[in-house]
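Student:
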Amino acid sequence: MSEEPDTVASVIRDTALVRASGLVKRFGDFEAVRGIDVEVHRGEAFGFLGPNGAGKSSTMRMIACVSPRTSGDLRVLGGDPDVDGPRIRARIGVVPQQDNLDNELTVRQNLHVYGRYFGLPRAHVRARAEELLDFAQLTERADDEVEPLSGGMKRRLTIARSLVNDPELLLLDEPTTGLDPQARHLLWDRLFRLKQNGVTLIVTTHYMDEAEQLCDRLVVMDDGRVVAEGSPAELIRAHASREVVELRFAPGHQERAVPVARELAERVEALPDRLLLYTGDGEAALAAAHRRGLQPVATLVRRGTLEDVFLHLTGRSLVD
Amino acid sequence: MTTTTSGVGATAPPSGQVPGPVRGPLLVVEGLWTWYRRHWRSTLVSSVLQPLLYLVAMGVGLGSFVDGGGRAARAVPELATVSYLQYIAPALLVAAALQNATGEATYPVLSGFKWQRNYWAVAATPVTPHQLAHGALLWIAIRVAVSGAAYLLVAALFGAVAGVGALAALAVAVLTAMAFAAPLAAFSASIRSEGQPFNVVLRFVVLPMTLFAGTFFPVEQLPALVRPLAWIAPLWHGTELARGAVVGEVSAAAATGHVGYLVSLLVGGVLLTRWRFRVRLTA
């Protein structure tokens with residue numbers, strides 16, 4: 009904080025692990041990624057937040073050097089994926105959206121085999137596997153086959169596997185999709201540890217809570233484009249409000265409440281099942297609503313979230 | 233906007249390394265070997281026992297009708313000097329190798345892309361799709377060679393095969409199996425369905441090939457109209473070579489033709505498989 013802003017900025021530029029400009033991915037006539045500019049810096053936890061089909065996974069696959077870009081420029085760890093793909097892949101870790109573990113091998117064998125693909129010596133891989141089993145809390149299941157493991161365990165193993173080459177950059181595509189809440193929290197805890205150890209993370213998610221928990225900085229993606237960028241707090245400040253009042257009405261009554269609500273808040277979003285009132289002081293707005301004669305059947309005062317940011321930017325919800 | 237990050241490896245020493253064009257495929261084989269070490273028992277029946285059952289049923293059982301002169305010996309020169317068991321033993325080696333390779337080049341390859349998806353895991357490592365394709369095919373060749381050797385060993389105990397010709401037949405069996413399996417792997421890497429086309433391959437290509445392409449009787453016994461179908465079958469070329477090496481004779485010119493045909497299929501198949509792996513894994 010004591011340094012000159014210019015100095016900080018130049019240091020940050022020097023540590024960009026990923027730099028994309030005008031990045032485009034087209035599949036036939038379909039343009040999945042429509043010219044995005046992104047920089048990810050060393051030590052940062054960076055997120056792509058957006059609904060399914062926003063172009064997040066396509067972007068991740070380009071960064072992972074497994075999907076060539078259609079146009080634009082991309083540098084990962086300083087190299088061009090089109091030219092240096094294998095050398096870059098040797099230094100990154102990838103957690104794919106869909107687990108692709110070897111189900112008929114044991115947990116430990118999965119780590120051994122995968123580590124060997126990185127050209128690592130057998131003794132090194134064996135030692136590394138034990139550390140990773142411990143990290144993923146899978147030591148007790150090390151000699152079990154993968155198939156019967158729970159979804160959360162498989163996910164942790166996939167993350168452990170992605171760390172076998174001690175990567176400088178870890179890419180996680182929808183890391184907790186499909187997991188129950190307990191498994192998600194356990195996974196987030198592991199990812200926090202990585203973050204604290206200085207591992208640079210890039211996460212895609214359509215869960216706003218995941219983005220808020222994990223990401224220092226994120227871009228909101230919609231329809232192949234970046235529609236906003238910043239820290240979660242900055243984005244909420246810029247595109248939502250500190251607090252949000254949710255009002256649910258009996259069927260048919262919401263319509264009539266809208267004009268009144270608009271006078272009580274900075275902004276109002278009308279969802280099919282409820283009104284959202286954006287305001288600095290939720291309790292005050294709610295009290296005013298009651299005074300003005302609104303009779304919602306249920307109310308909720310909460311803080312603004314990235315879900316509100318997305319709703320404001322695109323007019324749609326993240327999760328349908 | 234200048235940066236000191238000039239190229240890969242400039243920031244920190246890489247812990248992962250890039251395996252070369254030889255090591256990459258070998259690492260893929262190593263991964264498959266790890267699987268095999270755990271599951272080899274379940275593969276024994278189809279890969280070794282089944283061809284031996286055929287050898288006993290046809291060679292000993294059916295052979296008792298065929299042997300002893302008569303029409304068969306007049307029509308097939310080899311049968312004047314060797315038993316029917318010895319006549320079909322090298323051919324069954326090739327046929328079994330081709331069937332085993334077919335099994336390995338169909339569902340396991342599709343599974344790598346579709347169900348188990350472990351090919352996608354490899355694609356995220358420094359091992360390239362080409363190296364993965366090479367490794368997957370090399371593994372099939374090794375599997376076929378090992379199963380073939382086990383079959384030969386037992387067949388030799390029966391007295392069904394003997395001599396160094398048997399080793400040549402083993403090499404022929406692997407070549408023939410891969411000449412069929414390599415293009416088939418390319419096909420497997422291309423299909424998106426649940427593998428229904430494999431049934432068509434098995435019923436209308438592999439089975440007729442095994443029955444009619446010279447394994448149990450010479451192609452010359454077929455009606456003239458369908459003989460060309462046998463000639464394009466890789467199995468026929470392999471059978472001619474293997475049988476020639478063990479119990480009969482095959483002219484140098486014919487052998488060159490057979491080997492040339494099989495090698496062409498193999499090389500074409502490897503190139504196709506590489507291409508299909510790369511296309512699918514780098515979409």
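Going line by line, the protein sequences match chains W and Y. Each residue of the first sequence is one higher than the one before, counting from 9 in the numbering used here. Each residue of the second sequence is one higher than the one before, counting from 233 in the numbering used here. Each residue gets a CB set at the ideal place from its N, CA and C atoms; glycine is no exception. What you are looking at is a predicted structure, and each value in this text was computed from that prediction instead of being measured.
Taking only beta-carbon positions, decide if Leu369/Y is within less than 8 Å of chain W.
Tutor: For the purposes of this step, residue 369/Y is taken as residue 137 along the second sequence, with counting starting at 1. Cβ-Cβ to chain W under 8 Å: no for Leu369/Y.
Student: Looking at the secondary structure, which residues open and close the beta strand (DSSP E) in which Val48/W lies?
Tutor: Taking the first residue of the first sequence as position 1, residue 48/W is located at position 40. Taken as a continuous stretch (DSSP letters only), the beta strand (DSSP E) holding Val48/W covers Phe38 to His49.
Student: Find the residues of chain W that neighbour Arg270/Y, judging by a C-beta separation of less than 9 Å, and give them in chain order.
Tutor: Numbered from its first residue, the second sequence carries residue 270/Y at position 38. The answer, in chain order, is Glu112, Leu113, Thr114, Gln117 and Glu153.
Student: Could you check whether the region 78-85 of chain W touches the region 198-210 of chain W, counting it as contact only if at least three pairs of C-beta atoms, one from each stretch, sit closer than 8 Å?
Tutor: Cβ pair count under 8 Å is below three, so no.
Student: Where do the N-terminal and C-terminal ends of the alpha helix (DSSP H) with Arg270/W fall, by residue?
Tutor: Walking along the first sequence from the start, residue 270/W turns up at place 262. Where Arg270/W is concerned, the enclosing alpha helix (DSSP H) stretches over Gln262 to Leu272.
Student: Contact criterion: CB-CB distance below 8 Å. Does Arg508/Y meet it with respect to chain W?
Tutor: Counted from its first residue, the second sequence places residue 508/Y at position 276. Output row for Arg508/Y: interface = no.
Student: For a quick check, are the C-beta atoms of Ala329/Y and Val359/Y less than 8 Å apart?
Tutor: Mapped onto the second sequence, residue 329/Y falls at position 97. Mapped onto the second sequence, residue 359/Y falls at position 127. Not in contact: Ala329/Y and Val359/Y (Cβ atoms no closer than 8 Å).
Student: Using beta carbons (cut-off 8 Å, strictly below), is Gln106/W in contact with chain Y?
Tutor: As a position in the first sequence, residue 106/W is number 98, starting the count at 1. Yes, its Cβ sits closer than 8 Å to a Cβ of chain Y.
Student: State the start and end residues of the unbroken beta strand (DSSP E) segment that holds Met229/W.
Tutor: By one-based count along the first sequence, residue 229/W stands at place 221. Arg225 to Asp230 is the span of the beta strand (DSSP E), which, as asked, contains Met229/W.
Student: In whole angstroms, give me the CA-to-CA distance for His266/Y and Arg69/W.
Tutor: Within the second sequence, residue 266/Y is the residue found at index 34, counting from 1. Within the first sequence, residue 69/W is the residue found at index 61, counting from 1. In the sequence on display, residue 266/Y carries Thr and not His. Cα-Cα distance, rounded: 28 Å.
Student: Which residues mark the beginning and the end of the alpha helix (DSSP H) in which Leu461/Y is found?
Tutor: Reading the second sequence from its first residue, position 229 is the one you call residue 461/Y. That run of the alpha helix (DSSP H) goes Arg459 to Ile464.
Student: Quick one: give me the first and last residue of the beta strand (DSSP E) that Glu7/W is part of.
Tutor: Since the first residue shown for chain W is 9 and the last is 328, residue 7/W is missing from the structure and cannot be characterised.
Student: Could you check what DSSP says for Leu157/W in three-state terms: helix, strand or coil?
Tutor: Translated into the one-based positions of the first sequence, residue 157/W becomes position 149. Of the three classes helix, strand and coil, the one that applies to Leu157/W here is coil, per DSSP.
Student: So, is Val518/Y buried or exposed, given that buried needs 16 or more other C-beta atoms within 10 angstroms?
Tutor: Limits of chain Y in this structure are 233 at one end and 515 at the other, which puts residue 518/Y out of reach.
Student: Could you name each continuous beta strand (DSSP E) segment of 3 residues or more that falls completely within the region 466-512 of chain Y, going from the start of the chain to the end?
Tutor: With a minimum length of 3 residues, no continuous beta strand (DSSP E) run stays inside the region 466-512 of chain Y.
Student: Go to Ala236/W, then tell me how far its beta strand (DSSP E) extends in each direction, as first and last residue.
Tutor: Translated into the one-based positions of the first sequence, residue 236/W becomes position 228. Residues Arg233 to Gly238.
Student: According to the Cβ coordinates, are Val74/W and Ala474/Y closer than 8 Å?
Tutor: On the first sequence, position 66 is the one that residue 74/W refers to. On the second sequence, position 242 is the one that residue 474/Y refers to. Not a contact, by the Cβ cut-off of 8 Å.
Student: Could you give the first and the last residue of the continuous beta strand (DSSP E) run that contains Ala28/W?
Tutor: On the first sequence, residue 28/W is found 20 positions in, with the first residue counted as 1. It spans Ala24 to Phe35 - the beta strand (DSSP E) in which Ala28/W sits, taken as one unbroken run.
Student: For Gln486/Y, which option in Gly470/Y, Phe412/Y and Leu370/Y has the closest C-alpha, if you only look at C-alpha atoms?
Tutor: Within the second sequence, the letter at position 254 stands for residue 486/Y. For the sequence presented, residue 486/Y should be read as Ala rather than Gln. Selected option, being the one with the closest Cα: Gly470/Y.
Student: Which parts of the region 328-382 of chain Y are runs of the alpha helix (DSSP H), unbroken and 4 residues or longer, counting only runs that do not cross its ends?
Tutor: If we require 4 residues or more, the alpha helix (DSSP H) runs fully inside the region 328-382 of chain Y come out as 339-345 and 350-355.
Student: Whose C-alpha, out of Thr408/Y, Leu503/Y and Arg273/Y, is nearest the C-alpha of Ile597/Y?
Tutor: For chain Y, the structure presents residues 233 to 515; residue 597/Y sits outside this window and is missing.
Student: Cβ of Thr266/Y less than 8 Å from any chain A Cβ?
Tutor: Within the model displayed, chain A is absent; protein chains W and Y are what it includes.
Student: Determine the extent of the alpha helix (DSSP H) in which Ile96/W is found, giving its start and end residues.
Tutor: Start at 1 with the first residue of the first sequence, and residue 96/W comes out as number 88. Counting along the chain, the alpha helix (DSSP H) containing Ile96/W begins and ends at Pro89 to Arg97.
Student: According to the neighbour-count rule (16 or more other Cβ atoms, all chains shown, within 10 Å of its Cβ), is Pro253/Y buried or exposed?
Tutor: By 1-based counting over the second sequence, the position of residue 253/Y is 21. Burial call: exposed.
Student: Against Leu285/W, what residues of chain Y qualify as contacts under a CB-to-CB distance less than 8 Å, listed in chain order?
Tutor: The sequence position of residue 285/W within the first sequence is 277, counting from 1. Ordered by position in chain Y, no residue passes the 8 Å Cβ test against Leu285/W, which lies about 43 Å from the chain.
Student: What residue range is occupied by the uninterrupted beta strand (DSSP E) comprising Glu251/W?
Tutor: Reading the first sequence from its first residue, position 243 is the one you call residue 251/W. From DSSP, the beta strand (DSSP E) with Glu251/W extends over Glu251 to Arg256.
Student: Note down, in chain order, each residue of its chain lying with its Cβ closer than 6 Å to the Cβ of Glu47/W, except the 5 sequence neighbours on either side.
Tutor: Along the first sequence, read from residue 1 onward, the residue named residue 47/W stands at position 39. Result list for Glu47/W: Ala24 and Arg27, in chain order.
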